[in-house]
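Data block below; observations after.
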Amino acid sequence: MLTRERQTAIAERLAENGRVLAADLAGAFAVSEDTIRRDLREMAAAGLCERVYGGALARIPAPPAAPLARRRDIDARRKDALAKAAAPLLDDGATVFMDAGSTNAALAGRLLADRRHTIVTHCPAVALALSPHPHHKVTLIGGRYDAETGACLGAQALGEVERLRPDILVLGACGLDAAAGVTAFDPEDAAIKRRLALASARILVLATADKLGTTAPFAVAEAGALWHLVTETGAAGPSLDALAAAGLAITLADGERC
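Residue numbers for the sequence shown, in numbering that gives the first Met the number 0: 0 to 257.
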């Protein structure tokens, strides 16, 4: 059996049972436990499972994203609480790229009145949320508009972001996990996020508790590359502890910091 075939079979067992043991897999596939451990390491690196002592656990997939126009009305109070907690983290005078997303749009409406930012975004909803705040300089990046992500995507948008070097990237996360990092559902969206993550001095993520410990298909950035996470008090648990261990600062929406 080829490595890819064996890993596919392991993934099927994970999906069915939620967990696998290296010893059982070695017997089932007539290979050494070292071979199975190597398979599980590769699968974990690809975000397909979570390595634990003696085997692996299935990862929790992030729930499919609704179009941005619909997401803005879902859990609006929770997202506003995150936005209120995150606004003071943006330095006065900073150049900030605000990624697409309903929580980021909430942050755009919560920016502090006594600070001036240069805001760049490829999300029209973010730009519109900034319209009551004319003291900020706002640049809207163009491209093909995608209603699902609420962002301008494609070659034009990617070409424009390649010239940017933001002080802070407010990165949208479809899933956030200590091992898989930030992940996204759309490959074009993920490509823009990856480019911005590499070019930005600091990365800030706002995420509701339900996104922690989940993964989407396309990798964006490792958890250790993040500067700061703003999430909810209800997020406390193993997923949040693992993210804190990765080295990022964490602010809870009630103001408590880890």
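For glycine and all other residues, C-beta sits at the position ideal for the given N, C-alpha and C.
Burial state of residue i, where buried means 16 or more other Cβ atoms lie within 10 Å
i	result
E4	exposed
S31	exposed
T120	buried
D113	exposed
A75	exposed
D176	buried
A172	buried
R162	exposed
D145	buried
G246	exposed
A222	buried
Range of the contiguous alpha helix (DSSP H) that encloses residue i
i	result
T232	T232 -> no alpha helix (DSSP H), and no H or E assigned at all.
K192	P186 to A198
I9	T2 to N16
R114	No alpha helix (DSSP H) holds R114; DSSP gives it neither H nor E.
T102	S101 to A107
K83	A75 to A85
V125	P123 to A128
T250	T250 -> not in any alpha helix (DSSP H); beta strand (DSSP E) instead, spanning A248 to L251.
Rounded separation between residue i and residue j - CA only
i	j	result
D91	D79	21 angstroms
L154	R143	The sequence shown places Ala at residue 154, not Leu. Cα to Cα, the separation comes out at about 9 angstroms.
A22	G53	8 angstroms
A150	L111	24 angstroms
V19	L170	33 angstroms
A252	A25	45 angstroms
A57	V160	35 angstroms
T207	R36	33 angstroms
A198	A27	46 angstroms
A243	I249	7 angstroms
T2	N16	21 angstroms
G141	L157	10 angstroms
D38	E147	34 angstroms
D209	L81	13 angstroms
A224	L139	26 angstroms
A105	L195	20 angstroms
P186	R193	10 angstroms
R77	M0	49 angstroms
A29	L168	48 angstroms
Cβ shell of residue i (< 7 angstroms), same chain only, five flanking positions each side left out
i	result
L88	L203 and H227
A107	M97, V125, A128 and L129
R12	V19
Residues of its chain near residue i, where Cβ-Cβ distance is below 8 angstroms and the 5 sequence neighbours each way are ignored
i	result
M42	Q6, I9, A10, C48 and A55
R40	R50
A14	A57
Boundaries of the beta strand (DSSP E) in which residue i is found, first to last residue
i	result
R201	R201 to L205
L168	I167 to L170
G153	Premise fails: G153 lies in the alpha helix (DSSP H), G153 to V160, not in any beta strand (DSSP E).
L56	G54 to A57
T182	G180 to A183
L24	Unbroken run through L24 is the alpha helix (DSSP H), A21 to F28; no beta strand (DSSP E).
T94	T94 to M97
Residues of its chain near residue i, where Cβ-Cβ distance is below 6 angstroms and the 5 sequence neighbours each way are ignored
i	result
T94	T117, P165 and D166
A220	G180, V181 and A196
A189	A183, F217 and V219
A289	Outside the shown range of the chain, which is 0 to 257, sits residue 289, and nothing can be said about it.
Checklist entry - Does the stretch 185-205 come close enough to the stretch 231-241 to have 3 or more Cβ pairs within less than 8 angstroms? => result Because the criterion of three Cβ pairs below 8 angstroms is not met, the stretch 185-205 and the stretch 231-241 do not touch.
Checklist entry - For the stretch 177-184 against the stretch 131-139, are there 3 or more C-beta pairs whose distance is under 8 angstroms? => result The answer is no - the stretch 131-139 does not touch the stretch 177-184, with fewer than three Cβ pairs under 8 angstroms.
Checklist entry - Should the stretch 94-104 be regarded as contacting the stretch 112-130, the criterion being three or more beta carbon pairs within less than 8 angstroms? => result Short answer: they touch.
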